[in-house]
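K.L.:
So that we are looking at the same thing, I have put the structure below in structure tokens.
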């Protein structure tokens, strides 16, 4: 195993501190990793040059020297920002997203732009205008989506962390497919300033890492109130690693004896979960029992309506948000003799099929005669869905649920049935609708060496608790807590 | 439920996206399958009288004027003239 490529951020910081390696050498090392391996998986739309990466990072920052890649819908100043779309092919962002600028203040090396589904619309990264990203665990399989590039880069040991974004599961699902930890934070915890909007009431930046501690470290860098985002919560930045080992230190054998874990029965027993995934999920539950957690099985009936609710609300908001791409001020502009033709030709040629179809659906569910039937009902259902979670958390600390029906599927699997592709969001989107946090956690490999994950869902602003419970689980999986999920061919 | 070609073209108009004839069949299929799936929301609300509950609350801030340097923004324009974005005329025959 390549010790450096799959080292945790914690270990890398230690090596830098002890001067076992310099910051410059470490950056060169990861840039070489991309050069050597990224042609296999195509995780990056662009890898930046050495000098420009170094020039914007604060040498005194707590993450100085730690490289990561950012999904290409999050602004990095003076870098291209395409959202994997033709309509933004040559757009250069004139500003940093809050997340990007906070990383730069902390000294992190922003190494490039990660591939994604076009405008974050998809579950496989197949709708990217530019290229297809492969899952490092099986090059014929998808990495998941829409943050597939970010997930693939971390899974292949090209970077120790990456940012993605979630609207319906686009961090947790690729994390599960690639054997990673993927956080979807409480809505409003991470600023959306500089995140290109898909569905503004659902979007959140998410984090990929190979360990729980690393995930908490990255969150600590970027979470917290931002005046540039009026939907950001009034929460101060804090250190999410501070008490991460509180349970394991207090009781090595049954660290979770004071935790009640609720298994979402109608999710775990849902039709369509692959048998091997089902077994691995149940094995994870047994691990939690062994660690002392009280297990309760509960049903959340409103979850059965989550996908429909999510489809309506996300497409409605997307139709509104994507109306800004019109060829006037930036981006691709089609040839036309009149202004109206310019608008309609630009958007026809600039957007891919999936984006166009979602805009049409969005406008359908908002249009006169349909809005009440679809959009209003969806908003009401959303409220009840959130309420159902809140009631569950009165008796339960965290919820346990699958993330995906099974392992990463092969390319083109859903090309003739796009609804089935949409339903990849089934296990994840209820969390986005409720605005609550969830962490995708790898729990094992199938017999053909493909990762499976589960998720721990918590109430608003329970990230610290989620990390503590996940940490106890992770420590139990391996002797030293290091992620042993390393795909063949990238060691 | 069935979606007609006319509805797709009307949606294209509302969405400001030109729809070519070749795209219509696949768009119809896409719309129909999704809308048929989400019809369950209508059934849910008629089975149970779900009252609307507040969730998202709007936040306001003080209106403050900021000076922004237009140069980096104008540089991104497909066509510009000093600090103006240039676009085709609104009417085809307008001179």
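Chains as they are written, first to last, in my numbering: chain C, 2 to 492; chain S, -8 to 86.
Cβ coordinates follow ideal geometry from the N, Cα and C atoms, glycine included.
For the stretch 6 to 18 of chain S, enumerate the residues whose C-beta is nearer than 8 Å to any C-beta of chain C, in chain order.
P.N.:
6, 7, 8, 9, 10, 11, 14, 17 and 18
K.L.:
Among C:469, C:32 and C:444, which has the Cα closest to the Cα of residue 50 of chain C?
P.N.:
Numbered from 1 along the first chain, position 49 holds the residue referred to as residue 50 of chain C. The option with the nearest alpha carbon to residue 50 of chain C is C:32.
K.L.:
Closest to residue 464 of chain C by C-alpha separation, out of C:363, C:453, C:371 and C:208, would be which residue?
P.N.:
Taking the first chain and counting its residues from 1, one reaches residue 464 of chain C at position 463. Checking every option, the nearest Cα to that of residue 464 of chain C belongs to C:208.
K.L.:
Once you ignore the five residues that flank residue 189 of chain C on each side, which residues in its own chain have a CB closer than 6 Å to its CB?
P.N.:
If you number the first chain from 1, residue 189 of chain C lands on position 188. Here the set comprises 232, 233 and 234.
K.L.:
Would you mind reading off the limits of the beta strand (DSSP E) that contains residue 114 of chain C?
P.N.:
Start at 1 with the first residue of the first chain, and residue 114 of chain C comes out as number 113. Judged by DSSP secondary structure, residue 114 of chain C falls within the beta strand (DSSP E) whose first and last residues are 110 to 115.
K.L.:
Please go through the same chain and pick out, in chain order, the residues whose beta-carbon is closer than 6 Å to the beta-carbon of residue 494 of chain C, but skip the five residues on each side of it.
P.N.:
Given that chain C is displayed from residue 2 to residue 492, the structure contains no residue 494 of chain C and the question cannot be resolved.
K.L.:
Quick one: which chain S residues come within Cβ less than 7 Å of residue 334 of chain C?
P.N.:
Within the first chain, residue 334 of chain C is the residue found at index 333, counting from 1. Within 7 Å Cβ-Cβ: 69.
K.L.:
Check the Cβ of residue 33 of chain S against every Cβ in chain C and list those closer than 7 Å, keeping chain order.
P.N.:
Within the second chain, numbered from 1, the residue matching residue 33 of chain S stands at position 42. Residues of chain C passing the Cβ test: 374 and 378.
K.L.:
Could you give the first and the last residue of the continuous alpha helix (DSSP H) run that contains residue 55 of chain C?
P.N.:
For the purposes of this step, residue 55 of chain C is taken as residue 54 along the first chain, with counting starting at 1. Per DSSP, residue 55 of chain C belongs to the alpha helix (DSSP H) from 51 to 56.
K.L.:
Out of curiosity, what's the CA-to-CA distance linking residue 483 of chain C and residue 8 of chain C?
P.N.:
The residue you call residue 483 of chain C lines up with position 482 of the first chain. The residue you call residue 8 of chain C lines up with position 7 of the first chain. Residue placement at residue 483 of chain C is poorly supported in this model, since its pLDDT is 49, which falls under 50; the coordinates are not used for a value here.
K.L.:
Could you have a look at residue 437 of chain C and say whether DSSP puts it in helix, strand or coil?
P.N.:
Taking the first chain and counting its residues from 1, the one referred to as residue 437 of chain C is at position 436. Three-state DSSP puts residue 437 of chain C in coil, outside helix and strand.
K.L.:
Just list the alpha helix (DSSP H) runs in the stretch 199 to 254 of chain C, keeping only unbroken ones of 4 residues or longer that don't cross its boundaries, in chain order.
P.N.:
213 to 223 and 247 to 251
K.L.:
Quick check: what's the CA-CA separation for residue 174 of chain C versus residue 366 of chain C?
P.N.:
Taking the first residue of the first chain as position 1, residue 174 of chain C is located at position 173. Taking the first residue of the first chain as position 1, residue 366 of chain C is located at position 365. Using only the alpha carbons, I get a separation of about 26 Å.
K.L.:
Please name the residue in C:382, C:72, C:215 and C:385 whose C-alpha comes closest to that of residue 205 of chain C.
P.N.:
For the purposes of this step, residue 205 of chain C is taken as residue 204 along the first chain, with counting starting at 1. The shortest Cα separation from residue 205 of chain C among C:382, C:72, C:215 and C:385 belongs to C:72.
K.L.:
Helix, strand or coil for residue 139 of chain C, going by three-state DSSP, please let me know.
P.N.:
What you label residue 139 of chain C is simply residue 138 of the first chain in a count that begins at 1. Reduced to three states, the DSSP call for residue 139 of chain C is strand.
K.L.:
Please state the DSSP three-state secondary structure of residue 460 of chain C.
P.N.:
For this step, residue 460 of chain C is matched to residue 459 along the first chain. The answer is coil: DSSP assigns residue 460 of chain C none of H, G, I, E or B.
K.L.:
Give the straight-line distance between the Cα atoms of residue 404 of chain C and residue 456 of chain C, rounded to the nearest whole angstrom.
P.N.:
The residue labelled residue 404 of chain C in the question sits at position 403 within the first chain. The residue labelled residue 456 of chain C in the question sits at position 455 within the first chain. Between residue 404 of chain C and residue 456 of chain C, the C-alpha separation is close to 6 Å.
K.L.:
Determine the extent of the alpha helix (DSSP H) in which residue 19 of chain S is found, giving its start and end residues.
P.N.:
If you number the second chain from 1, residue 19 of chain S lands on position 28. From DSSP, the alpha helix (DSSP H) with residue 19 of chain S extends over 15 to 29.
K.L.:
Where do the ends of the alpha helix (DSSP H) carrying residue 105 of chain C lie?
P.N.:
The sequence position of residue 105 of chain C within the first chain is 104, counting from 1. Element bounds for residue 105 of chain C: 99 to 106.
K.L.:
Strictly under 7 Å for the Cβ-Cβ distance: is residue 349 of chain C near chain S by that measure?
P.N.:
Within the first chain, residue 349 of chain C is the residue found at index 348, counting from 1. For residue 349 of chain C, the answer is yes, since a Cβ of chain S falls inside 7 Å of its Cβ.
K.L.:
Could you check the C-alpha separation between residue 88 of chain C and residue 264 of chain C for me, to the nearest Å?
P.N.:
Within the first chain, numbered from 1, the residue matching residue 88 of chain C stands at position 87. Within the first chain, numbered from 1, the residue matching residue 264 of chain C stands at position 263. Going from the Cα of residue 88 of chain C to the Cα of residue 264 of chain C covers about 43 Å.
K.L.:
Counting only the same chain and skipping the five closest in sequence on each side, list residues whose C-beta sits under 7 Å from that of residue 383 of chain C.
P.N.:
Taking the first chain and counting its residues from 1, one reaches residue 383 of chain C at position 382. Cβ within range, chain order: 310, 314 and 434.
K.L.:
Could you check the C-alpha separation between residue 295 of chain C and residue 227 of chain C for me, to the nearest Å?
P.N.:
Numbered from 1 along the first chain, position 294 holds the residue referred to as residue 295 of chain C. Numbered from 1 along the first chain, position 226 holds the residue referred to as residue 227 of chain C. Straight-line Cα distance between these residues: approximately 38 Å.
K.L.:
Closer than 8 Å between beta carbons: that is the criterion. Which residues of the stretch 94 to 107 of chain C meet it against chain S?
P.N.:
95
K.L.:
Would you say residue 0 of chain S reaches chain B, if we count a Cβ-Cβ gap shorter than 7 Å as a contact?
P.N.:
The chain labelled as chain B is not found among the protein chains of the depicted structure, namely C and S.
K.L.:
Please identify the residue among C:52, C:139 and C:23 whose C-alpha is closest to the C-alpha of residue 491 of chain C.
P.N.:
Taking the first chain and counting its residues from 1, the one referred to as residue 491 of chain C is at position 490. Nearest of C:52, C:139 and C:23 to residue 491 of chain C, Cα basis: C:139.
K.L.:
For residue 371 of chain C, collect the residues of the same chain with a Cβ closer than 7 Å to its Cβ; drop the 5 residues on either side in sequence, then sort them by chain order.
P.N.:
The residue labelled residue 371 of chain C in the question sits at position 370 within the first chain. Only 365 meet the Cβ criterion.
K.L.:
Return the chain-ordered list of same chain residues with a C-beta closer than 8 Å to the C-beta of residue 7 of chain S, the five sequence neighbours on each side being excluded.
P.N.:
Here residue 7 of chain S is taken as the residue at index 16 of the second chain, counted from 1. Hits under 8 Å: none found.
K.L.:
Roughly how many angstroms lie between the CA atoms of residue 481 of chain C and residue 177 of chain C, to the nearest whole one?
P.N.:
In the first chain, residue 481 of chain C corresponds to position 480, counting from 1. In the first chain, residue 177 of chain C corresponds to position 176, counting from 1. Any reading at residue 481 of chain C needs caution, since the residue's pLDDT is 49, under 50, leaving its predicted position unreliable; the model's value is listed next. Taking the straight line from one Cα to the other gives about 21 Å.
K.L.:
Can you find a CB in chain S that lies within less than 7 Å of the CB of residue 429 of chain C?
P.N.:
One-based indexing of the first chain puts residue 429 of chain C at position 428. Not one chain S Cβ lies under 7 Å of residue 429 of chain C.
K.L.:
Here's the rule: buried if 16 or more other CB atoms are within 10 angstroms of the residue's CB, otherwise exposed. What is residue 97 of chain C?
P.N.:
One-based indexing of the first chain puts residue 97 of chain C at position 96. Label assigned to residue 97 of chain C: buried.
K.L.:
Let's see if you can read the secondary structure: which residues bound the alpha helix (DSSP H) around residue 63 of chain S?
P.N.:
Here residue 63 of chain S corresponds to residue number 72 of the second chain, with the count starting at 1. Here the alpha helix (DSSP H) through residue 63 of chain S covers 62 to 65.
K.L.:
Can you pull the chain S residues whose beta carbon is under 8 Å from the beta carbon of residue 330 of chain C, in chain order?
P.N.:
As a first step, residue 330 of chain C must be located in the first chain, where it is residue number 329. The answer, in chain order, is 64, 67, 68 and 76.
K.L.:
Using a beta-carbon distance below 7 Å, is residue 405 of chain C in contact with chain S?
P.N.:
Residue mapping note: residue 405 of chain C aligns to position 404 of the first chain, counting from 1. Chain S, which has no Cβ nearer than 7 Å to the Cβ of residue 405 of chain C, makes this no.
K.L.:
In terms of residues, what are the limits of the beta strand (DSSP E) holding residue 68 of chain C?
P.N.:
On the first chain, residue 68 of chain C is found 67 positions in, with the first residue counted as 1. Note, residue 68 of chain C: beta strand (DSSP E), 68 to 72.
K.L.:
Determine the DSSP secondary structure at residue 37 of chain S, reduced to helix, strand or coil.
P.N.:
One-based indexing of the second chain puts residue 37 of chain S at position 46. Reduced to three states, the DSSP call for residue 37 of chain S is helix.
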